[in-house]
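If you count the sequence shown from 1, position 188 lands on 188 in full-length UniProt numbering, and the numbers rise without skipping. All residues carry an ideal CB built from backbone N, CA and C; glycine is no exception. Computed from a predicted model, the values in this text were never measured in an experiment. First up is the structure itself, then whatever we jot down about it.
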Amino acid sequence: MDEHNTPQRLLILVGSPRRDGNSATLGEAVRAGAEAAGSEATLLYLDDYLQHFLGDCRRCRREDGECSLQDNFRSLLFDHFLPADGVVFCSPVYWYGPSAQMKAFFDRGFCYYAASYPQGASVLARMAGKRIGLVLASEETYPGVGLGIIHQVQEYTRYIEGAFVGVVQGAGNRRGEVRHDPRQPLVEARKLGEHFFTRHYSDYRLATVRKTQVWN
Ligand SMILES: Cc1cc2nc3c(=O)[nH]c(=O)nc-3n(C[C@H](O)[C@H](O)[C@H](O)COP(=O)(O)O)c2cc1C
1 MDEHNTPQRL
11 LILVGSPRRD
21 GNSATLGEAV
31 RAGAEAAGSE
41 ATLLYLDDYL
51 QHFLGDCRRC
61 RREDGECSLQ
71 DNFRSLLFDH
81 FLPADGVVFC
91 SPVYWYGPSA
101 QMKAFFDRGF
111 CYYAASYPQG
121 ASVLARMAGK
131 RIGLVLASEE
141 TYPGVGLGII
151 HQVQEYTRYI
161 EGAFVGVVQG
171 AGNRRGEVRH
181 DPRQPLVEAR
191 KLGEHFFTRH
201 YSDYRLATVR
211 KTQVWN
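Structural data, given as structure tokens:
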């Protein structure tokens, strides 16, 4: 709940084409945790919204400033992403990077926050300040397998002046196999959802006023 006692809105975006896959399984655990905490959680599959990569905006932007690419990205951005208080990206690790669907989500936003989009400034303002989380599914278990993606999402979050509040990594290859990962990433994913809006977050600057201890 926020300070007005309205539920916080959490958007969970699954970047795998496999709806019964490991990223989706972890995303559902995030959703369950978020709902248990009273948040309003929505889980969407990027495949339902994105059919195109970012184009050359000078060539494909319409006269009225809108994007002419024919898919549902605009609805994803305006109806779900911009109104959300927090977003959890769930992606399989593909070649040590995110899935193309997840990368396209970041890229396609450019069309709407660029100066050449009539409401670009208002889109940028509405991107700001969100809590962001990341959930990764990979076949390999070594800790560095997701570092490239973690770094990218951290930089994205810094750029939008958000807060990168957590990462969960689970291993599996077959659909849903992540359930058997002894590190229990489903438990971690549920906790991420449950504490998403209350989890302690810090990222100090020189001028940060701070106590000498982190936990009371
Ligand atoms: C194109 C492709 C590339 C992949 N690259 C990696 C990789 O670099 N490292 C890894 O650990 N797993 C890799 N995998 C395995 C997936 O990350 C793994 O199967 C994951 O659980 C799939 O998630 P999903 O069920 O949500 O689709 C790759 C899979 C595919 C299809």
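CA-to-CA distance, residue j to residue i, given in whole angstroms
i: TYR117; j: TYR45; result: 26 Å
i: ALA36; j: GLY170; result: 22 Å
i: ASP71; j: HIS52; result: 7 Å
i: VAL165; j: LEU76; result: 22 Å
i: MET1; j: GLY162; result: 18 Å
i: GLY144; j: ALA84; result: 30 Å
i: CYS67; j: ALA125; result: 19 Å
i: ALA115; j: VAL123; result: 10 Å
i: ARG19; j: ASP47; result: 10 Å
i: PRO98; j: GLU140; result: 14 Å
i: HIS180; j: MET102; result: 25 Å
i: THR198; j: GLN8; result: 11 Å
i: ASN5; j: SER39; result: 11 Å
i: ARG158; j: PRO17; result: 28 Å
Nonlocal neighbours in the same chain, by C-beta distance under 6 Å from residue i, ignoring five residues either side
i: VAL168; result: VAL135, PRO185, GLU188, ALA189 and LEU192
i: PHE73; result: TYR49, LEU50 and ARG108
i: TYR96; result: GLY148
Within 7 Å, strictly: CB atoms of residue i and residue j
i: LEU43; j: ARG31; result: yes
i: LEU26; j: CYS90; result: yes
i: LEU10; j: ALA29; result: no
i: GLY133; j: VAL88; result: yes
i: ILE160; j: ALA137; result: no
Where the alpha helix (DSSP H) through residue i begins and ends
i: GLU188; result: 185-194
i: residue 246; result: Residue 246 is absent from the structure shown; the chain starts at 1 and stops at 216.
i: CYS120; result: A quick correction: the sequence has Gly, not Cys, at residue 120. From DSSP, the alpha helix (DSSP H) with GLY120 extends over 120-127.
i: THR157; result: 147-159
i: CYS57; result: 57-60
i: VAL30; result: 22-36
Beta bridge counterpart(s) of residue i as assigned by DSSP
i: ILE12; result: LEU43 and VAL88
i: GLN169; result: LEU136
i: ALA163; result: ARG131
i: GLY97; result: TYR94
Heavy atom of ligand 2 within 6 Å of residue i beta-carbon
i: GLY27; result: Absence of ligand 2 from the depicted structure is noted, with ligand 1 being the only ligands included.
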